[in-house]
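Worksheet: the structure to be examined is printed underneath.
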Amino acid sequence: MLVYLPLPPFFCERIMALAFLGVHKSLALEARWLTLDLYRSLIKSTRQLKESNQHHFLINTIRERFRFHKHESSRPRVLGLLREGNEALRILEEAPHNSIYMERIDALAEAKAGPLKHSVEKLRRIPNLKIRALAIKDIRSRTSKRRDRDPKNHIPGSDSVRRLARLPDSLMAATPNSHKEENKKKPKMIKRKPYQVLKTVTTQGFTFKRLRGWRQPVKTSMMLKKRVKKTQQWIDQQQNTESLLDIISHERLFYDALGIKDDLKDYKKSLLNTRSHYKTLRVRRLGPLNKKD
């Protein structure tokens with residue numbers, strides 16, 4: 408007889424802030440600490456399992472349940488889920504020494520029972536192999552997909568799920584990530600006539616092309632703004648270095664008048680190297696127009 412292994416539910420600090428917003432701050436911090444400690448303990452307990460498919464299944468389940476309940480705002484619901492999480496932690500810690508628990512975990516990881524089996528059955532009902540290959544890239548439930556649409560949090564099907572879904576490896580390699588990529592048209596390269604293209608030179612000496620009658624994109628405007636800002640920073644650094652060199656020259660005259668030995672050579676040498684560095688950067692950025700500066 409297989410024993411049901413409850414899925415571990417977890418919450419981050421945002422959830423605890425929502426659920427315990429009206430209580431004392433120390434209680435909210437304690438609940439947050441307990442939640443994060445439970446999550447770390449559950450992740451750590453999966454390392455005891457030697458089978459890679461079991462380990463990956465539990466890791467994905469923990470993270471998926473964590474994201475699924477991250478906006479929970481009911482205190483009784485949060486406390487109840489924490490109790491279920493502690494029970495799941497106890498089962499995971501005892502699993503290596505309990506054959507019944509290991510049998511249940513193996514059945515869940517191999518899609519013989521539980522949510523993975525349901526996902527495999529849904530995949531098999533898709534007649535089109537290309538659509539089936541797209542669907543296996545994220546085997547979460549429909550509610551989880553609706554709550555979290557971030558592509559980074561997708562859970563792709565493992566090799567065993569692919570075999571059970573009867574998908575060839577060649578089809579998986581040739582399948583795009585979404586329908587949009589499959590139906591996306593390549594942009595047309597339109598050759599512009601000479602009178603349609605204008606060459607514009609900024610006050611900083613940067614040359615770029617613009618199309619007659621077209622509004623300048625925001626990306627281009629921001630690029631020019633950053634370029635002008637960076638160039639101005641180099642100019643300010645160069646002027647600051649020149650002012651320091653001027654101060655050093657006056658100090659040398661003062662030392663010579665007093666008959667004191669000059670000990671500012673190394674400092675002056677480093678300033679000269681700095682000025683040369685910023686001047687080289689400025690000339691590279693501005694181009695041949697301002698090289699005579």
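Under the numbering used here, the residue at position 235 of the sequence shown is numbered 642, and the numbers go up by one with no gaps.
All C-beta atoms, glycine included, are put in the ideal place defined by N, C-alpha and C.
Nearest-angstrom Cβ-Cβ length linking residue i and residue j, presumed shorter than 8 Å
| i | j | result |
| --- | --- | --- |
| residue 473 | residue 551 | Going by Cβ atoms, the distance from residue 473 to residue 551 rounds to 11 Å, so no, they are not a contact pair. |
| residue 530 | residue 512 | That belief does not hold up - the Cβ atoms of residue 530 and residue 512 are roughly 22 Å apart, past 8 Å. |
| residue 469 | residue 450 | 6 Å |
| residue 518 | residue 445 | Between residue 445 and residue 518 the Cβ distance is about 27 Å, and since that is not below 8 Å, they are no contact. |
| residue 617 | residue 605 | 5 Å |
Residue i versus residue j: straight-line alpha-carbon distance, rounded
| i | j | result |
| --- | --- | --- |
| residue 567 | residue 447 | 27 Å |
| residue 659 | residue 681 | 20 Å |
| residue 589 | residue 439 | Note that residue 589 has pLDDT 49, beneath the 50 cutoff, so the model's placement of it is unreliable and no number is given. |
| residue 586 | residue 537 | Low confidence applies here, because residue 586 scores a pLDDT of 47, under 50, leaving its location unreliable and the question unanswered by this model. |
| residue 674 | residue 627 | 41 Å |
| residue 487 | residue 557 | 27 Å |
| residue 598 | residue 620 | 16 Å |
| residue 712 | residue 528 | Look at the range of the chain in this structure, 408 to 700, and you will see that residue 712 is not part of it. |
| residue 623 | residue 638 | 21 Å |
| residue 526 | residue 546 | 6 Å |
| residue 503 | residue 576 | 33 Å |
Nonlocal neighbours in the same chain, by C-beta distance under 7 Å from residue i, ignoring five residues either side
| i | result |
| --- | --- |
| residue 615 | 607 |
| residue 463 | 565 |
Cβ pair residue i, residue j closer than 8 Å
| i | j | result |
| --- | --- | --- |
| residue 460 | residue 514 | no |
| residue 540 | residue 574 | yes |
| residue 701 | residue 562 | Because the chain spans 408 through 700 in this model, residue 701 falls outside it and cannot be assessed. |
| residue 441 | residue 489 | yes |
Close beta carbons around residue i, own chain, < 8 Å, minus the five adjacent residues each side
| i | result |
| --- | --- |
| residue 678 | 648, 651, 652 and 655 |
| residue 467 | 562 |
Own chain partners of residue i with C-beta closer than 6 Å, once the 5 adjacent residues on each side are dropped
| i | result |
| --- | --- |
| residue 685 | 641, 644 and 645 |
Within the stretch 453-532, ranges of the alpha helix (DSSP H) (whole runs, at least 4 residues): List check, alpha helix (DSSP H) in window: 459-475, 482-501, 506-516 and 522-531.
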